[in-house]
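For what it's worth, my numbering labels the leading residue of the sequence shown as 5, then goes sequentially. For glycine and all other residues, C-beta sits at the position ideal for the given N, C-alpha and C. For clarity, every value in this text was computed on a predicted model and none was experimentally measured. Written below as structure tokens is the structure these notes are about.
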Amino acid sequence: MIEIDETKARHSRIDDLQGLATGVVLSGLGVHILTSAGLITGQTAGLAIILSYLTGFSFGLVFFVINLPFYLVAYLHLGPQFAIRSMIGVTALSIFTEALPIGLPLSSPAPGYAALAFGACVGIGLLAMFRHKGSLGGLGVVAILIQSRTGFKAGYVQLIVDGILFSIAVFLFPTSIVLWSLLGAVVANSLIAFNHRPDRYIAV
Numbered sequence: 005m006i007e008i009d010e011t012k013a014r015h016s017r018i019d020d021l022q023g024l025a026t027g028v029v030l031s032g033l034g035v036h037i038l039t040s041a042g043l044i045t046g047q048t049a050g051l052a053i054i055l056s057y058l059t060g061f062s063f064g065l066v067f068f069v070i071n072l073p074f075y076l077v078a079y080l081h082l083g084p085q086f087a088i089r090s091m092i093g094v095t096a097l098s099i100f101t102e103a104l105p106i107g108l109p110l111s112s113p114a115p116g117y118a119a120l121a122f123g124a125c126v127g128i129g130l131l132a133m134f135r136h137k138g139s140l141g142g143l144g145v146v147a148i149l150i151q152s153r154t155g156f157k158a159g160y161v162q163l164i165v166d167g168i169l170f171s172i173a174v175f176l177f178p179t180s181i182v183l184w185s186l187l188g189a190v191v192a193n194s195l196i197a198f199n200h201r202p203d204r205y206i207a208v
């Protein structure tokens, strides 16, 4: 059996910075692809997307505001470091998604491709953030808290919440939009459920 020196396995600040930045970029790209196809998703981001469609306000602004109460939960139960990193991640994503349509304009991508690309980008992006003690706030904070307290996987928690949100979305959007969107959410949450394994990942 190979012994690992955990003091050498710890993430440096540069490691954390690149991990969190990668998570923001991939997640922002996924959201941009999703919204360009007129699709929705689950969790806090999904709620922000739905509200942005209904109100006309930008996703970035709505996403930033919705996340404000979750910083307190993160601070109290997951520590100030996690809360601060989550706040930075949410703010960075809000700004990045505002800029993406200018630098990377997309015109109605096919919904199936958009759903798969969204799921892969956001799933990997969130994994990068989780492994560097960050998140994109919202219900992801609650999902991580439940996993840390009970062992019930964060990805499965998010799938349950997504199921509730999509059940409501059926009454607001065409069925085809909801089904394609559900595919993207399943891909993203499955990636998290299969790969977010702290017992197999030592560096912190």
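Taking Cβ positions, are residue 145 and residue 93 nearer each other than 8 Å? no
Please state whether DSSP places residue 106 in a helix, a strand or coil. helix
Counting along the chain, where does the alpha helix (DSSP H) carrying residue 194 start and finish? 179 to 199
Between 123, 81, 176, 16, which lies nearest to residue 55 when the distance is taken from Cα to Cα? 176
Report the CB separation of residue 126 from residue 31 in whole angstroms; it is logged as a contact under 8 Å. 5 Å
Please classify residue 162: does DSSP put it in a helix, a strand, or coil? helix
If you drop the 5 nearest sequence neighbours on each side, which residues of the same chain put their C-beta closer than 6 Å to that of residue 169? 46, 50
Spatial distance of residue 66 from residue 75 (CA atoms): 15 Å
Could you compute how far the alpha carbon of residue 188 sits from the alpha carbon of residue 96? 22 Å
Mapping DSSP to helix, strand and coil, what is residue 174? coil
Burial state of residue 44 (16 or more Cβ within 10 Å): buried
Do residue 37 and residue 118 come within 8 Å of each other at the CB atom, strictly closer than that value? yes
Of the residues 101, 71, 100, the one placed nearest residue 88, counting alpha carbons only: 71
Name the two residues that bound the continuous alpha helix (DSSP H) containing residue 113. First-last for residue 113: undefined, no H or E at that position.
Cβ pair residue 139, residue 102 closer than 8 Å: no
Which one of 18, 17, 25, 166 has the shortest CA to CA distance from residue 128? 25
What does a CB cutoff of less than 8 Å around residue 150 pick up in its chain, not counting 5 residues either side in sequence? 156, 158, 161
Residue 98 and residue 40 closer than 8 Å at C-beta: no
Around the Cβ of residue 48, are there at least 16 other Cβ atoms within 10 angstroms (buried) or fewer (exposed)? buried
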